[in-house]
């Protein structure tokens, strides 16, 4: 499970999910990727479930890159506790994902296998997604 080794503050503000992703909006490592169409928090368990769905479908072939990391803690108060008396204890870890962010990338498998693996992974995530392909510059691989 993905969790940070250490953090400066145990409890964080919820933050702002408006707007588009600042970086990581293009396929950088693999050939195909899953891009978020809307903003949401993605938990470490959802990331792991998507990774397992992809690798099982690909039969351990190819390579998978996880481009998001759950560095933000979220808190909750125990059930049956009244309002107030401070912020709750850290409950788990999430990765805030904005519109346009590439979350997973795949390479080393045929296109039909990659698309199906990414489709299965997308079903494990709480956001609307689209499958994107790496952009080739000038009609050929950009090697310089």
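In our numbering, the protein residues as written are 20 to 163. Even glycine gets a Cβ: it sits at the ideal position worked out from N, Cα and C. None of these values were measured; they are calculated from a predicted model.
CA nearest to the CA of residue i, picked from the options
i	options	result
residue 87	138, 122, 147 and 48	122
residue 64	55, 95, 21 and 99	21
residue 127	100, 74 and 113	74
residue 72	142, 150 and 111	142
residue 104	46, 95 and 111	95
residue 140	66, 100 and 34	66
residue 133	61, 51, 107 and 110	51
residue 89	82, 98, 60 and 101	60
residue 83	26, 46 and 98	46
residue 129	33, 24, 25 and 49	49
residue 33	109, 53, 144 and 85	109
residue 25	53, 85 and 91	91
Distance between beta carbons of residue j and residue i, contact taken as under 8 Å
i	j	result
residue 113	residue 55	Not a contact, Cβ separation roughly 14 Å.
residue 58	residue 36	4 Å
residue 62	residue 107	With 8 Å as the limit, residue 62 and residue 107 do not qualify as a contact, their Cβ atoms being about 16 Å apart.
Which of helix, strand or coil DSSP assigns to residue i
i	result
residue 31	coil
residue 66	helix
residue 163	Interpretation of residue 163 is limited by its pLDDT of 46, a score under 50 that renders its predicted location unreliable; no figure is taken from the coordinates.
residue 122	strand
residue 71	helix
residue 134	helix
residue 108	strand
residue 55	strand
Would the region 97-117 and the region 27-42 be scored as touching if the rule is three or more Cβ pairs under 8 Å?
-> yes
Is the number of C-beta pairs between the region 67-82 and the region 146-156 that are closer than 8 Å three or more?
-> no
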